[in-house]
Each structure stands twice: as structure tokens, then as C-alpha cells.
Amino acid sequence: MVQELCKPHLFLPAGKVEELYSALRQKDAQIYVQRCRAAPPPRSRLVACCLSGFSLLALADPSMHGAQNATQKLREIDADSPWPEEGIEFSTLWCRMINVSVVLWQLRLRDFPQPLLSMSEMRLWGTMLAAEESAPPRAVRTVVIDQGAPWGEFELERSMMPLKWYYDLCCEMTEYSYAFGPCWEPVIAHCNLAFDQVSRPSLDPSAPLTWWDKVRLLFHGRLTLNCSKFTCLLHVSLDPYNTTEEMEVTWSDLVLDWTNGKLGFLGELKVFVRTASKYDDCRVLRVPGLRLSIKLGWQCVGDPRDHHAVAPCAPTRLPEYSSNQEHDSYRAFRSQGLDLHLSMDTKPMEDDGPVLLLYGSTLRWFESLKLILSGTTRPTRRGRVFKNMKPRKPQLSRHYRNVAVSLTLHNLQVFYWSSSSMQRGIEMLGVRVTCGSRHRLSLVPGSDSLIRRARAVWATLYMNCDLNDVEIWLKTPAQQAHEEKAGDERDMLCPPAMEKCYCLSVRRVSYGREASGAGSTPAPTHRLAVHDLRGAWTKLNRDLAFALIDTYIKTQQLKKNLSTKALKEEEKPTTSPKHQRDTDVVSPPPASTQGGSGGSGSCAEGMLAALVAEAGEAGGEAPVVFSDELAGAEGDAPPPHPPHLRHVLDDDTAHTACLIELVNSQVVLKGCETRGYVILCAARAEVRQRVRRAPAATAWSGALSAMQYYATVSAADRDQLDENIQWVSVEEIEERWSGAEISTLPDVPRLVGSGHSAGGVIGRTVGPSADTGLAQLQRIVSRCACEFYYVSQESESSTNTGAGWASAPEPYDSFTLMHHDLDVCTNSLQYAMLLDVINNVVLHVEPERRRALERRARMRFQLQLHRDTDPRHLIHKLQTQVRETLARLRRLEKEYYLKNRSITGNDPIALAELKSLDDQVNECKETAWSLGEELDAMVRAWREAGCATRAPAPRSPHAPPHRYNEICFKSARWRLTDADGQLGIADLLLTNFLYTKTSRSDDSVEHQLELGYVRVTNLLPNEPFPEVLVPQAASGRAPLARRAALRVFCRDRPPVGGISVKEHFEVNIVPIRIGMTKKFFNTMLKFCFPERDPDAMEEGEEEAGEGASGRNSGTLVSKKSRKKNKDSNSNFYVKRDKKDKDDVEKMKERAEKNKLFIYIKIPEVPVRVSYKGSKEKNLEDVRDLPLLLPTLEYHNVTWTWLDLLLATKNDTRRVLLSQAIRQKLQLHRRAPAAPEPLEEDKARLLLGDRTVAENKPQKKSVPSVFKFSKS
């Protein structure tokens, strides 16, 4: 500033410049003095101990005074420690009776709003004794004192023995509070450094004792505490000035007993979560009458209680053996580890027990608490800069070795709500819960060259848990609560009425876990046994359960999408089946050419593979379905599919990781459209998981034995499932052994009600009953068995890329479901119930899930339209919006919390503002959910697009599979009965059903369906045709194992532009015989559609036919107009709505509706038809009428499944109509004459089917024409 003044005045005198500088220095001094006077007083204390109303009274009498009396009192107090035989000499020993009272005692740290320790209204009384043993020669240190001239130096001997405290005290206080958290650790570490300067460390060259060993060495006796409120505040935030984000653990009416190695707590435990939101002061846990016992077992070289043998050693008097090893005066007493035993139990009390209340946000809050507590403590004033190179003090959490936990609770109640609005929740009730476990901690050193702290690894040695008489209910607001207006103030002050829905009950659940041990048949690591499970799966339960699961999944997915790893691509993509399962959402288009690395070997292999592929397509290697009309050997068929890996992990290299057993379980299934219900029960169900490490594989296998299905015979008047469930008794569920002798005859209802076979009725009466309160159950599926297998494998990364002739097949995932013999018996109502349960309960897709899939498909098409732009900047922008919305939501929740706490009384203005804040919170939450769903769809679409841009796998005629699914059952017999469930209508027999789905490495999918035999039998009385549908005699040329009544094959290519591509679709049906009557048709129609009347349907069809004929006679339609209408009805071109759709919507709609069929083939099927009308003689009556379904072939058509069905129907009807007319006229012409065998039948009897097929003339113009014999 002075220099700027000198610039315009170049000739200022030197004295003037010095005056300016002195004035500036004087002004600086004045400013400094003013700031010092205005500043607060300096902080002179780091820690403060504040006492108010303190009083101490110490008493002594001849009974405890003197060395002998005090020693006897000491041995009474410390009776657990061994007393030396030679006795102990004390240099300091005194005993007093004390009485201490304090009104308020606080321990405060600088700048912290909460005290570290606070005790109020404390009173302490009892016996206090202090003793210091006489020092042995090695525990005496010499101190040189310089007294100055003329006395000089003087040597003084001092004892190094510690002063120990012995006590038998009782304490009472009104409130005890202790606060701690990660934000307090740096300040406490700073305090420890300050205390090191106050209390000088020991001169013993041994390593210092830890604080827990010091407590064992110095304090002995018993302390009994009675506290009205014992509170521990655990801070969750890293902010040291935080007062809202904390967890409070409170004991009410606590009785604490602390002795040597034992801690006992008795009282009511409560855990509160304090957050500045709607969930503030949420009582997470309440356990009345809890008894907590902690036993400490110290692992030492010597006796852990023998503290009298511990004596420090002076640095100048070390023993001789310490010259070659590290000296440790506390070697025998120092603990090497800690064995901890925790025991928690409650006593059974009526209408009272432990209560656990959880919210979705509370679980997320606990996750953040876990992350903060598991963090590493940062060093405070340590290192060479601060001249503090002492090793870090060990932590008690890493000192444990064995931890045993035992828990016993009675009348446990668990409540879970998805949010504070309490729209969906779960309630669990448990009469008795017991748990016992043992864990071991081991410290594993690092394997690299860096200096690291040993890693703590916890291992579970065993765990046993039992739950008795457990019930689970789903809760939702009642209907009247939904009908109330949202603006009612009573909704904010009073909780809504809840409706409970029964979900699950279990008599006993046992869980056991053991460490994998050696042996030929080691026990499973995890074992779960469930006895007498009873569950209900209804529409309401389904909606509530799926909503809870969907909320949890959305929360986890949102957290994952907001992380830094959301947009990181995988560095080493793998081709394992598990990876392909995760990334096989959209498949890349097939490659027309195979690209490989340069080299003669790879080129030769590629040419050889292409040559073999062309030869296979030209020859018999193309994937075809076997047909009886095809002439070829077995060698011409494609290579057999590799067997599925059901038993791949049955060797010694795998172990059983998990075993789940269900004994006498049953589940109620109730649909939405019918009143009855279905009960599925099984005597025993077993699910086993086997794991193999090298090569990595996991297998799940399950078996259900004595599985039965029950259903109500008639619909009950009341539709409340909770009131009208008639459970199946254990006697009906248990397995019945065939070798058991019949001791007594069954009762009359069991004899009349078909016993234990399909169709048997449970109850004292068979048929309609006057008791309408209980529904009558009928066994619709008798005892059967079911098995499933699932194998998941991980491929190993191998460096050998050469393909040899005998190379091992690549591993792949497989799933197999096998159902053995099924015996089914249902009436019309039960059939409708089964369809209702399957469609609306089992196979139901949630609307939210469907909308998510549509949103993902739309986002995928958007990325296809904008391939030239990088979508990652859009994802980053959307992530920022989601984070800002979540921050705004936290701010609004805190405002709601502060406003709610400030309301006093019934202030309408304050309540209106609180309601407005509540609406803003809900609106912001909805916005966050919608943005999170959009972000999830965009991230998934971006990942799928990245997978699609990778190099696709080369196409080959027989690419190795990476996933294989199989569903089969041996035999199924279904009896259709009348309304009473006893009189039969028809029998349906299906055998050798097999469905396979193979997903190959070239992204192609093969579907194959086989049905070995099918037969439908008419059980109505006085019917001319007992067999409604049955295959004719099979051809002798087909192998016996491949004779199937129905075979369907379909190969799918990867979708192109979202449109699925069917490369090969073929259907083969054996010759069949059909015998139908009008009576049977009407009966079956009434069985399948009981709400429809067959006679009314006929009248309606006749009226519709007359109206159509009248209209057709009045107008003439040309072929050109019909063709135009046919083309306009095609589904390939999407009709435009009134509102214009964008390109993405058009692409998505076109892809959903259409499929590209490259090749379709349906070979001809001979059929013999017999039909009898409702009257005695009818014009349409035929008997054994031969018809031939023509061969149908289509190439390169874009259809929907409905278009394919209509095309097949039209082409078949056109050919069959002409055949039926000609056959009908032929039969009437030959009616007067006696029936004679046809020439074809004679030739077939003499020469066989092959000769007749070869001599049969064929015409190319017509797909199939009958050859009639001339009479």
C-alpha cells in the first residue's frame, strides 16, 4: 500500500515513508488486541470430570483393622484366586467400610455436546480393601538421588509391585448413560496419549499389559448394581457433533452382578433407533425379563486366577535366561485369547414376550451401522512426525478365540413393515425359540510382502436352532381404511385398522450347522428340518408377498445402480454357464462367417468344420424329428444329446452343503374365481445341495414322497379361507407301507369313499352333507413321487485353445423335473379350481413385473435406434437426478421430524403444515422410485447392448449346449367324475411325457416335446364307442423306444430386431382313432365350461349360421376383395391408433406379436372317425370313417401363433371336407351290400405296410388324396 502511494509521488522524503510504516504497525497491533479481547476464553481442558453433591464416608473398626483381620477379609472377598502355601507379606494393607453418594457425575470431552459418561443419584456402599505385596528382590528398582554438596548422591530402593483393590460393593443409581461411536475414537485416542504423560509407564522391559489384563490384575471382588435406567448410546454418524443419528440400548430396572470372570444382567432390554425422520424413536426390540449371563474364560500359560504370582522385574535385575529370549514378567498371566460364553433366556409370561419391530428403512439403517462399525480406526498422532513409534494397542474384538452363544425366548413376536405408512407387513409369532452356537476366531496373516494386519476369520463350529409353534401372518390395512379420505387428520394421529391374512404355521423347525468333518459320509453343513408345515397361498397373500419382495429388490438394485461399479465393464469376460445365465437376456445375431486367428492350422480346421457342416445339411445330419413315414437307419439320425448331469456330483470330490427336510407338510392353494380350495401335501420332502470346488459346480436335488392333492367336493357358502380351512390329518399324510398288516377293518365312510386311492373322501360322510360349516375334502391325486435335479457348473479357464478330436465336452447347466405315476380324479368344480390356481396364483405375473419388462424392452429398442450415441452420459445424468431426489427426501424427512417434535397440543395450523410435509415426502418418494426404475432399465439395456456387441459365437450344426432343461413323467391317469366326485365320466391316460429345452453356445434354442401314448375312454353308460381317442397300431419300422403318439420339435435362432426366429418347426402325430358321441361331447362341454348350456350354444350357432347365410346370399364378394381383407387382417403391420405412436412403440409392438418361421412341416396323419348324434339315427352318424390330414409345409412366413393355427385350420378343413363328402357318399352307396374288406386292407395283411406305402400313387398338385378301391 505504501509503495502504491510512492508511485505518483516520486520525491517523498525518507522520513515520511518510515512514518507510514510505523502507523501500519501500530494499526496491526490495535487490530490484534481487539480480536484477542473479542475472542472466547482459551480452552484449557481436554477432558473434564464433573461431580456435584459428592460425599464420602469411610469407617473402620477392630473387626477389619490389623494385618490378620484384613488378610482374612481379603481371602473372603477374593476366594477364587489360589493362595500361596508360604503366605504373602504386604507392604500396604488397609480395609474400610465406605459410603459414597453423588448427585451427578459426568465425564465430558471437549466440544462434544453429549457427555461420555453420566450418572445421576448414585449411592455406593460396601467394603473396600487395598493391598500391595512386599516386593521380591527382582521387583526392587534402585533410584539415585543427587542431594548436592556436601551429601552427594544417595541410592534409594523402591518397590515395583502394583497396588491391588479388593471390594464387595453395592450400588444404586437412577440413571446411567454411556456414549460411544466411531466419531469419538480420535478424541479418546488423544486423551490416552495425554494420560501417558500423567501416569508414567512401568520400567519393566516386558511388553505392557492390555487393559483387560490390567483389570484382571488390579481389581478383584464383587459389584452389585441396581439401576433404574441403564443406557448406552451408539453413534452411527461420523459427525462428532451428531445428536440424532444414534442407536440407544436401554436396560430398565437393571440388576447387574459383576464378579471375577462373570457378568450377569437382569432386566427389561429395549433398543431404540433415533433418526431425524418418521422412524425416530422407533423401538426396534423389547425383551422383558431378560437374563443375560457372560462368562469369561481366559487362555493363559498358567492359572488365569493366580495374580499373586505376578511380579514385575527391574531392568537391572533380569534373569539369566532372558539374555537369549524376550523377557516377559507376565508370561504366565498374560492372556493369549478369550473364550466367551453368552447366555440369554427369558421366562414364559402370559400375554407378554419379546417384540421385534422392523421397517424397510430400519434394515438399511442397520446396514450403514455395520459399515461404520466395521471400519478401521485411523491413527491419532502416531508416526515419526509425532515421535510416537509405539505399536498399536490390541483390540478386544480380535482377542476372542471361542465364542459360545445360547438363546432361549418365549412368546416371540416379530413385525416387519415395508414403510411407515404400514401398507404391507409381516407378523410372526413363536411360542419358544432356542438357539445354541459356537464360533471360533482365527487371525490369518497376509500372503503378500506388504506389512498388513492379520485378517480376522470367523468360523462356525456348530449351530442348533429350534422354533416351536410358529405362525406367520401377512397384514394390510382393512377395506374401510382404504375407503377413508386421504385428507382426514385422524389418519395421522391414529393407526389404521389392520387385516390379518393367514400365511404359514409350523409345529417345529430345527436347524443344525456343523463344520465339515472327515469320514466316508460326512454330515451336511446345513440341515433344516420342518415338521407339520401348514401354508396358505391365496391371491391376497400372493400380492402382499410379491409387493414386499419387490420393494426389497428395488432397494438393493437402486443401491447397486448408484454405486461406482454400475458402469464398469468386466475386464475378463467368461463363458461359464453361470455367466451366460446372467447375460443371456438378449442374444446377439448369428454370425454368417467364422473369424479366427491367422495360421494354417486354424484355417484348415475352419474349412474342415464348414465342409462337415455342409455335408451334414445335405445328408442326414440336419436336425429332424423322427417320423414313421421316413425311411432311414439309426445312423442317419443326428448324434444323440449328451446325457443330463443329474448324478455328476455323486462322487467323493463333492460334499453335501445343505439338506432341507419337510415332514408332513401341506399347503392350501386358493384361486380368485372359485370358492373352493386345493390342498397339496407330502409325507416327506427332501432338498439337498452338493458343492464341488474343483472344478466348481453346485447341484440341487429334491424328492417328494407320498405327495397327494386334495380339493373340496363342493363350494362352501362362506368364502373366508381363514375360517373354513379343513386341514388334512397326519394319518392321511403319512406314508402307507404295502407290507404292513391290516389290523382292523376300515370304517364305512372310508370303504364307500374309495379309501386311500384317487377319489377318496375325507370325512364321516360321503357325498352331500348337512353340515355346511366344514368343507368335504376329496383326494384328487393319490400318493405319488416327484424328483428334480439342478446342476450349475463353472468352466475353468484353460490356456489350451486347440480343438482335438477327443476333447472333453464343455460343462453346462441342467435342470430335470421327473414326476412318476399320477392317478388323478376330479369333478368339474375341482377342475375349475385347478385351472384357477394355476392361472391366477401359480403362474401369475405381477403387473409391476410386467411393466418393468415392458420398460426394459422399450429402453432396449431406444438404444437400437440411437446406436451412434453413447448412453453412459444419460445414465450419469439420471444417477445425478436420483441422488438429488434422495437428498431432497432426507431433507424433507428431517423437516417433518423437527415439525412433529415442535407440535404441542391440537394446533390445526401446525397439523396442516405437517400434513403438507407428509404429502411432499410421499411425492418425493414416488419420484425417487420412478427415477430408480428408469435408471435400472437404462443400465440393464446398456449392459445387454454391450453383450450383444461382442463377437458372437460361430454357428455350427451341433454346437455344445450351455443349458439343458427337462420335464418328464412316466404315466398319468386322469378320471373325470360327476359333481359328487364318485361317478366317472371319462378316463384320460398319458404315458412317457418328455419335454426338453436345450440352449446352445451359438445362442440357438431347441425345444422337443414327446408323448408316448394317449387314450381317452368314455365311461358314460350305454355308449356305442368306449374309446374316444386312441392311437392306431404303430408301424413296425419305428424303433420301440421311439414310438411316440406326438412329437414336436422347434429350433429358435437369436431374435433379429426383437422378432423371434423359428428356424425349424415340425409336428408328428401317429395315426389315431376317434369315437365321439353327442352325449359325451355335451357332458365334456358342461364339465369344462359349467356356466355354459350346450343346447343354448347350439341354438345360438344355428341362428348365427342362418344370419350369415342370409347375408352371404344378398351380397357377392369377389376374390380380390377377400384377398385384400385377408391381407389387412395380418398382424405384421400394426394398426395405428388415434394417438400417434413413436417408432420405439411400433417396434416393440411388432416384435411382441410376430415371429419369423423359416420352415414349418406337419406330416400327414391318418385318422379314423366314428360319431353318433343325439338321436337314434342322424345324418352325421359315421362309423370308422377313414380320413387323411394332409401334409403341410410353409417357408419363410412372418406370423403369430394365431396366424399359424388359422392357416393350418383352413388348409386342413378344405381337404377334409372333400374327403368326408366322398367317403359319406361311398358309404351310402355301399350300404345295402355286405361290407367287404378293401384291397388295401388285404394287401396290408399279406404284404405289410411297406409294400402298400411304396405302391401307393402320389400326386404333387394335391398334398393328400385317398385311393379308393373299385367294387
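In this text, residue positions in the sequence shown follow UniProt numbering: the first is 1, and each later residue adds one.
C-beta atoms are modelled at their ideal positions from N, C-alpha and C, and glycine is treated no differently.
Should residue i and residue j be called a contact, given that it needs their Cβ atoms to be closer than 7 Å?
i, j, result
"His439", "Val403", "yes"
"Trp251", "Leu269", "yes"
"Arg534", "Ser505", "yes"
"Leu256", "Leu225", "yes"
"Pro811", "Gln793", "yes"
"Arg973", "Gly984", "no"
"Ala276", "Lys925", "no"
"Thr653", "Arg692", "yes"
"Ala189", "Arg108", "no"
"Asn1018", "Pro1026", "yes"
"Leu892", "Val921", "yes"
"Arg432", "His410", "yes"
"Leu263", "Ile294", "yes"
"Lys1175", "Glu1066", "no"
"Ser161", "Arg141", "One detail in the question is off: residue 161 reads as Met in this sequence, not Ser. In this structure, Arg141 does not lie closer than 7 Å to Met161 by Cβ."
"Glu248", "Val236", "no"
On the DSSP letters alone, give me the boundaries of the beta strand (DSSP E) that residue i sits inside.
i, result
"Tyr729", "The question names Tyr, yet the displayed sequence has Ser at residue 729. That residue, Ser729, is in no beta strand (DSSP E); it is neither H nor E in DSSP."
"Glu1066", "Ile1059 to Ile1069"
"Val284", "Cys282 to Cys300"
"Ser705", "Ala697 to Thr712"
"Asn664", "Ala654 to Leu669"
"Ile679", "Val678 to Arg692"
"Ile1158", "Lys1155 to Ile1162"
"Asp73", "Reading the sequence as shown, one finds Lys at residue 73 and not Asp. First-last for Lys73: Ala67 to Ile77, but that is the alpha helix (DSSP H), not the beta strand (DSSP E)."
"Pro1054", "Leu1046 to Val1056"
In three-state DSSP terms, what is residue i?
i, result
"Phe861", "helix"
"Arg35", "helix"
"Phe154", "strand"
"Gly15", "helix"
"Thr434", "strand"
"Asn541", "helix"
"Pro354", "coil"
"His190", "helix"
"residue 1312", "In the structure as shown, the chain begins at 1 and stops at 1271. Residue 1312 is therefore absent and cannot be evaluated."
"Lys500", "strand"
"Asn992", "strand"
"Glu4", "helix"
"Pro1002", "The question names Pro, but residue 1002 is Asp in the sequence shown. In the structure shown, Asp1002 sits in coil (DSSP, three-state: anything other than H, G, I, E or B)."
"Gly932", "helix"
"Asn1210", "helix"
"Ser576", "Residue confidence for Ser576 is low, a pLDDT of 44 falling below 50, so the modelled location carries little weight; the figure read from the coordinates is stated next. Residue state, collapsed to three classes: coil."
Identify the continuous alpha helix (DSSP H) that holds residue i and give its terminal residues.
i, result
"Asn900", "Arg872 to Ser902"
"Tyr831", "Ser828 to Val837"
"Cys1088", "Lys1078 to Cys1088"
Regarding residue i and the ligand MG, is the C-beta to nearest heavy atom distance less than 6 Å?
i, result
"Ser329", "Inclusion of the ligand MG in the displayed structure is not the case, the ligand content being empty and no account of it being possible."
Quick check: the region 822–840 against the region 664–680, are at least 3 beta-carbon pairs closer than 8 Å? yes
contact_flag[the region 856–864, the region 891–900] where n(CB pairs < 8 Å) is 3 or more: Contact fails: fewer than three Cβ-Cβ distances are below 8 Å.
Three or more beta-carbon pairs under 8 Å between the region 91–106 and the region 121–128, yes or no? yes
At least 3 beta-carbon pairs within less than 8 Å: the region 1154–1165 vs the region 1194–1202: Pairwise C-beta distances place the region 1154–1165 in contact with the region 1194–1202, as three or more of them are shorter than 8 Å.
Counting Cβ pairs closer than 8 Å, one from the region 332–346 and one from the region 284–302, do we hit at least three? yes
With a floor of 3 residues, list each beta strand (DSSP E) that falls wholly inside the region 161–245, ordered by position along the chain. 164–180 and 219–235
Are there three or more Cβ pairs, one per stretch, closer than 8 Å when the region 114–121 is compared with the region 161–179? yes
Are the region 181–197 and the region 143–158 touching by the rule of at least three beta carbon pairs closer than 8 Å? No: fewer than three Cβ pairs fall under 8 Å.
Assess contact between the region 70–89 and the region 27–40, defined as three or more Cβ pairs (one per stretch) separated by less than 8 Å. Is contact present? no
Write down every uninterrupted run of the beta strand (DSSP E) in the region 314–398 whose length is 3 residues or greater and which is fully enclosed by it, in chain order. 335–345 and 355–359
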